[in-house]
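Trainee: In order, the protein sequences belong to chains A and B.
Under this note's numbering, the first residue of the first sequence is numbered 28, with each subsequent residue one higher.
Under this note's numbering, the first residue of the second sequence is numbered 5, with each subsequent residue one higher.
Note that CB positions come from ideal geometry on N, CA and C, so glycine has one too.
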Amino acid sequence: MSQRPLELILARNLMSALSTPAFLVDEGGLLVFYNEAAGMLLGRRFEELGAVGPEEWGSLFGPFDESGDPIPYDELPLVTAVRAGRPAHAELTIRSTDGSQHAVEVSAFPILTAHGSRGAIAVFWPSLMARNGAGPA
Amino acid sequence: MKVKLWGTRGSIPAPGPETIRYGGNTSCVGVTLSDGSLLALDAGSGIRSLGLALPEEPTRLHILLTHLHLDHIQGLVFFAPAFRPQTEIVIWGPASPEASLRDRIARYISAPLSPVEVRELPCDVSFRHCPEAEWEIGPARIRAASVAHRGPTLGYRIDDGDSSLTYIPDHEPGLGADLDRLEEDWISGFELARETSLLIHDGQYADAEYPEHLGWGHSALSHALSFARRTGAERTVLFHHDPLHSDDFLDRHGNEAKEEWARLGGAPEAIEIGAERCEYELPARAPRTAARA
Numbered sequence: 028m029s030q031r032p033l034e035l036i037l038a039r040n041l042m043s044a045l046s047t048p049a050f051l052v053d054e055g056g057l058l059v060f061y062n063e064a065a066g067m068l069l070g071r072r073f074e075e076l077g078a079v080g081p082e083e084w085g086s087l088f089g090p091f092d093e094s095g096d097p098i099p100y101d102e103l104p105l106v107t108a109v110r111a112g113r114p115a116h117a118e119l120t121i122r123s124t125d126g127s128q129h130a131v132e133v134s135a136f137p138i139l140t141a142h143g144s145r146g147a148i149a150v151f152w153p154s155l156m157a158r159n160g161a162g163p164a
Numbered sequence: 005m006k007v008k009l010w011g012t013r014g015s016i017p018a019p020g021p022e023t024i025r026y027g028g029n030t031s032c033v034g035v036t037l038s039d040g041s042l043l044a045l046d047a048g049s050g051i052r053s054l055g056l057a058l059p060e061e062p063t064r065l066h067i068l069l070t071h072l073h074l075d076h077i078q079g080l081v082f083f084a085p086a087f088r089p090q091t092e093i094v095i096w097g098p099a100s101p102e103a104s105l106r107d108r109i110a111r112y113i114s115a116p117l118s119p120v121e122v123r124e125l126p127c128d129v130s131f132r133h134c135p136e137a138e139w140e141i142g143p144a145r146i147r148a149a150s151v152a153h154r155g156p157t158l159g160y161r162i163d164d165g166d167s168s169l170t171y172i173p174d175h176e177p178g179l180g181a182d183l184d185r186l187e188e189d190w191i192s193g194f195e196l197a198r199e200t201s202l203l204i205h206d207g208q209y210a211d212a213e214y215p216e217h218l219g220w221g222h223s224a225l226s227h228a229l230s231f232a233r234r235t236g237a238e239r240t241v242l243f244h245h246d247p248l249h250s251d252d253f254l255d256r257h258g259n260e261a262k263e264e265w266a267r268l269g270g271a272p273e274a275i276e277i278g279a280e281r282c283e284y285e286l287p288a289r290a291p292r293t294a295a296r297a
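(1) List the residues that DSSP assigns as beta-bridge partners of A:Glu102.
(2) Cα-Cα, which of B:Ser167, B:Asp128, B:Leu179 is closest to B:Val151?
(3) Kindly list the residues whose CB is nearer than 8 Å to the CB of B:Arg267, restricted to its own chain and excluding five residues on each side of it in sequence; keep chain order.
(4) When you check each C-beta in the segment 137-156 of chain A against every C-beta of chain B, which residues fall closer than 7 Å?
(5) On the three-state DSSP scale, how would you describe B:Ser130?
(6) In chain A, what lies closer than 7 Å to B:Phe194 by C-beta?
(7) So, is the C-beta of B:Ala237 closer than 9 Å to a C-beta in chain A?
(8) Determine whether the Cβ of B:Pro156 lies closer than 9 Å to any Cβ atom of chain A.
(9) Which residues bound the beta strand (DSSP E) around B:His205?
(10) From the DSSP output, which residues share a beta bridge with A:Pro81?
(11) When burial is assigned at 16 or more other CB atoms within 10 Å of the CB, is A:Ile121 buried or exposed?
(12) Should B:Asn259 be labelled buried (16 or more other beta-carbon atoms within 10 Å of its own) or exposed?
(13) Just curious, the alpha helix (DSSP H) that B:Trp220 is in, first and last residue?
(14) If you run the structure through DSSP and keep just helix, strand and coil, what is B:Phe194?
(15) Which residues bound the beta strand (DSSP E) around A:Phe73?
(16) With B:His245 and B:Thr12 assumed to form a contact (beta carbons below 8 Å), what rounded beta-carbon distance in angstroms separates them?
(17) Please go through the same chain and pick out, in chain order, the residues whose beta-carbon is closer than 6 Å to the beta-carbon of A:Ser43, but skip the five residues on each side of it.
(18) Got a sec: is the Cβ-Cβ distance from A:Arg39 to anything in chain B below 9 Å?
(19) Can you pull the chain A residues whose beta carbon is under 7 Å from the beta carbon of B:Trp190, in chain order?
(20) Among the residues of its own chain, which have a CB less than 8 Å from the CB of B:Asp252, if the five just before and after it don't count?
(21) On a CA-only basis, which of B:Asp163, B:Asp75, B:Leu186, B:Ile172 is nearest B:Gly207? Give me that one, please.
(22) Rounded to the nearest angstrom, how far is the Cβ of B:Thr157 from that of B:Pro98, given a contact under 8 Å?
(23) Hey, is the segment 215-232 of chain B in contact with the segment 138-151 of chain A, meaning 3+ C-beta pairs nearer than 8 Å?
(24) As an exercise, report each continuous beta strand (DSSP E) stretch of at least 3 residues that is fully enclosed by the segment 117-178 of chain B, in chain order.
(25) Do you know how far the Cα of B:Ser53 is from the Cα of B:Ile277?
(26) Does the separation of the CB atoms of B:Arg108 and B:Ser114 fall below 9 Å?
(27) Listing by chain order, which chain B residues have their CB less than 8 Å from the CB of A:Ala44?
(28) Is the beta carbon of B:Leu80 sitting closer than 9 Å to the one on B:Ile67?
(29) Quick check: the Cα distance between A:Pro163 and A:Gln128, rounded to an integer number of angstroms?
(30) Given the structure, does A:Gly126 come close to the ligand HEM, in the sense that its CB is under 8 Å from one of the ligand's heavy atoms?
(31) Count the other CB atoms, across all protein chains shown, that sit within 10 Å of the CB of A:Ala161; report buried if there are 16 or more and exposed otherwise.
(32) Who are the Cβ neighbours of A:Glu118 in its own chain at under 6 Å, not counting the five residues just before and after it?
(33) Just confirm the distance between the C-beta atoms of B:Tyr112 and B:Ile77, as a whole number of angstroms; I'd bet it's less than 8 Å.
(34) For B:Ser15, which residues in the same chain have their Cβ closer than 6 Å to its Cβ, ignoring the five residues on either side in sequence?
(35) Would you call A:Ala141 buried or exposed, if buried means 16 or more other Cβ atoms sit within 10 Å of its Cβ?
(36) According to DSSP, is B:Ala288 helix, strand or coil?
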């Protein structure tokens, strides 16, 4: 297996130390890591899942919009960050492996280097609405 | 390929009676490739002595800088070949979004820090950002990759014939990572060092010192040994000695390294503390050793 770019290695090391759920994708959109906090949210540790491709991780956690409709893959913040190289933010609902749903806010930003894009990071927070008791938690 | 250590110290030159055996000059390693091509890895104060040892005849040489911290470039304005018009010097280093390699080095080689400016150097000097892809110098294939340190920093691998030299003098691969458990593709610098013949690697801190220096960009001894073991390096030279570490300290540091390496199953002679003027010859057809841990 080829060496991961240093920027992804450092991002993973940082994310491993965070209590905030965070996801890391490489420049091709492959989900290459998520931290323990994200694993708790999803109900599945990264070590159990391993790296998954862009289509698969979108469907695994079924991001839905506020109407409950699936969000098209191309409109996910992480995809915008990695493809367009710009930050993106959204409120969405994800589904855990136990079927429970979580309303979250997602901020994604690209990892840009002197040699171009290396991938993107997405950080999840409980949505403000959910925190105020107005939506699924 | 011949390798000679001209400066093994990190941070700042540390001359004196207490550092006389391992040396007080900052990072510089001279490499003579199998066709006679000359490389210098970093340009700490040790490059001054390297320059004095080179012949005055027309020379082309390459200086490969890992990064631009002062202990890796401070010897440039005292490098005698740079003041000879018959010398051609190509300086390679990491790219930065902030400024070109030339402009960043010129911050040091300029007033008031230096009596000369880059444009005044009599030699034919050029500056190149290291490409992501492998490139060639003479018979050697050179690879550079970013490694975990503070600021844009590279490690290098030089393959000449069957032998290889890996040089990662400033490296903290264990920052936030468990090197014994992490998958190899997630270890900073791994591919540069994979099964290399000779690994010159940061070994600045004893394990007891490391917690006070977390995030400073350097390795604890156990991290350096884990990295060497995981990558399968055949021989490892611990490098970038702390300026506070005396020869006696480094003797103990080296003994601890050998004991730990032996405990891991390796041959103690495959681990050593880098000493100034120490030379290594890496044969074009390298025999495989049983020194790995």
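Mentor: To lay it out plainly:
(1) One-based indexing of the first sequence puts residue 102 of chain A at position 75. A:Glu102 pairs with nothing; no bridge assigned.
(2) On the second sequence, residue 151 of chain B is found 147 positions in, with the first residue counted as 1. Closest option to B:Val151, Cα to Cα, is B:Leu179.
(3) Sequence index remark: in the second sequence, residue 267 of chain B carries index 263 (1-based). So the list is empty, once near-sequence residues are dropped.
(4) Ala141, His142
(5) By one-based count along the second sequence, residue 130 of chain B stands at place 126. Here B:Ser130 sits in strand by DSSP.
(6) As a working mapping, residue 194 of chain B is identified with position 190 in the second sequence. Residues of chain A passing the Cβ test: Gln30.
(7) Start at 1 with the first residue of the second sequence, and residue 237 of chain B comes out as number 233. Not an interface residue.
(8) Here residue 156 of chain B refers to the residue found at position 152 of the second sequence. Taking Cβ atoms only, chain A reaches closer than 9 Å to B:Pro156, which makes this a yes.
(9) The residue you call residue 205 of chain B lines up with position 201 of the second sequence. That run of the beta strand (DSSP E) goes 202-206.
(10) As a working mapping, residue 81 of chain A is identified with position 54 in the first sequence. According to DSSP, which records beta bridges pairwise, A:Pro81 is partnered with nothing at all.
(11) Working through the first sequence from its first residue, we reach residue 121 of chain A at position 94. A:Ile121 comes out buried.
(12) The count along the second sequence starts at 1 and reaches residue 259 of chain B at position 255. Looking at its Cβ environment, which holds fewer than 16 other Cβ atoms inside 10 Å, B:Asn259 is exposed.
(13) Stepping through the second sequence from its first residue, residue 220 of chain B is reached at position 216. From DSSP, B:Trp220 is part of no alpha helix (DSSP H); its letter is neither H nor E.
(14) Taking the second sequence and counting its residues from 1, one reaches residue 194 of chain B at position 190. Three-state DSSP puts B:Phe194 in a helix.
(15) Within the first sequence, numbered from 1, the residue matching residue 73 of chain A stands at position 46. Looking at the DSSP string, A:Phe73 is not in any beta strand (DSSP E); the run it does join, the alpha helix (DSSP H), is 73-76.
(16) Position 241 of the second sequence, counted from the first residue, corresponds to residue 245 of chain B. Position 8 of the second sequence, counted from the first residue, corresponds to residue 12 of chain B. Sure, about 6 Å apart at Cβ, within 8 Å.
(17) Numbered from its first residue, the first sequence carries residue 43 of chain A at position 16. Here the set comprises Asn62.
(18) Position 12 of the first sequence, counted from the first residue, corresponds to residue 39 of chain A. A:Arg39 counts as touching chain B.
(19) Numbered from 1 along the second sequence, position 186 holds the residue referred to as residue 190 of chain B. Ordered by position in chain A, the residues that pass the 7 Å Cβ test against B:Trp190 are Arg31, Ile36, Arg39.
(20) The residue given as residue 252 of chain B occupies position 248 in the second sequence. The answer, listed in chain order, is Glu22.
(21) If you number the second sequence from 1, residue 207 of chain B lands on position 203. The option with the nearest alpha carbon to B:Gly207 is B:Ile172.
(22) For the purposes of this step, residue 157 of chain B is taken as the residue at position 153 of the second sequence. For the purposes of this step, residue 98 of chain B is taken as the residue at position 94 of the second sequence. With 8 Å as the limit, B:Thr157 and B:Pro98 qualify as a contact, their Cβ atoms being about 6 Å apart.
(23) no
(24) 128-133, 139-141, 144-150, 158-164, 167-172
(25) Taking the second sequence and counting its residues from 1, the one referred to as residue 277 of chain B is at position 273. Taking the second sequence and counting its residues from 1, the one referred to as residue 53 of chain B is at position 49. Each residue's alpha carbon lies about 20 Å from the other.
(26) Residue 108 of chain B sits at position 104 when you count from the first residue of the second sequence. Residue 114 of chain B sits at position 110 when you count from the first residue of the second sequence. Not a contact, by the Cβ cut-off of 9 Å.
(27) Mapped onto the first sequence, residue 44 of chain A falls at position 17. Chain B residues near A:Ala44: Gly180.
(28) By one-based count along the second sequence, residue 80 of chain B stands at place 76. By one-based count along the second sequence, residue 67 of chain B stands at place 63. The answer is yes: Cβ separation under 9 Å.
(29) In the first sequence, the residue the question calls residue 163 of chain A occupies position 136. In the first sequence, the residue the question calls residue 128 of chain A occupies position 101. Caution applies to A:Pro163, whose pLDDT of 43 falls short of 50 and renders its modelled position unreliable; the value that the coordinates give is listed next. Going by the C-alpha atoms only, they are around 6 Å apart.
(30) Summarising the ligand content, the structure contains no ligands, and the ligand HEM is consequently not present.
(31) Position 134 of the first sequence, counted from the start, is the residue given in the question as residue 161 of chain A. Note that A:Ala161 scores 48 on pLDDT, short of 50, meaning its location in the model is unreliable; the coordinates nonetheless yield the value given after this. Classification of A:Ala161: exposed, given that the 10 Å Cβ count is below 16.
(32) Here the question's residue 118 of chain A lines up with position 91 in the first sequence. For A:Glu118, where only same-chain residues beyond five positions count, the Cβ hits under 6 Å are Glu132, Ser154.
(33) As a first step, residue 112 of chain B must be located in the second sequence, where it is residue number 108. As a first step, residue 77 of chain B must be located in the second sequence, where it is residue number 73. Right, their Cβ atoms sit about 6 Å apart.
(34) Numbered from its first residue, the second sequence carries residue 15 of chain B at position 11. Cβ neighbours of B:Ser15 beyond the five flanking positions: Asp75, Pro247.
(35) One-based indexing of the first sequence puts residue 141 of chain A at position 114. The residue is exposed, with fewer than 16 neighbouring Cβ atoms inside 10 Å.
(36) By 1-based counting over the second sequence, the position of residue 288 of chain B is 284. Coil at B:Ala288, not helix or strand.
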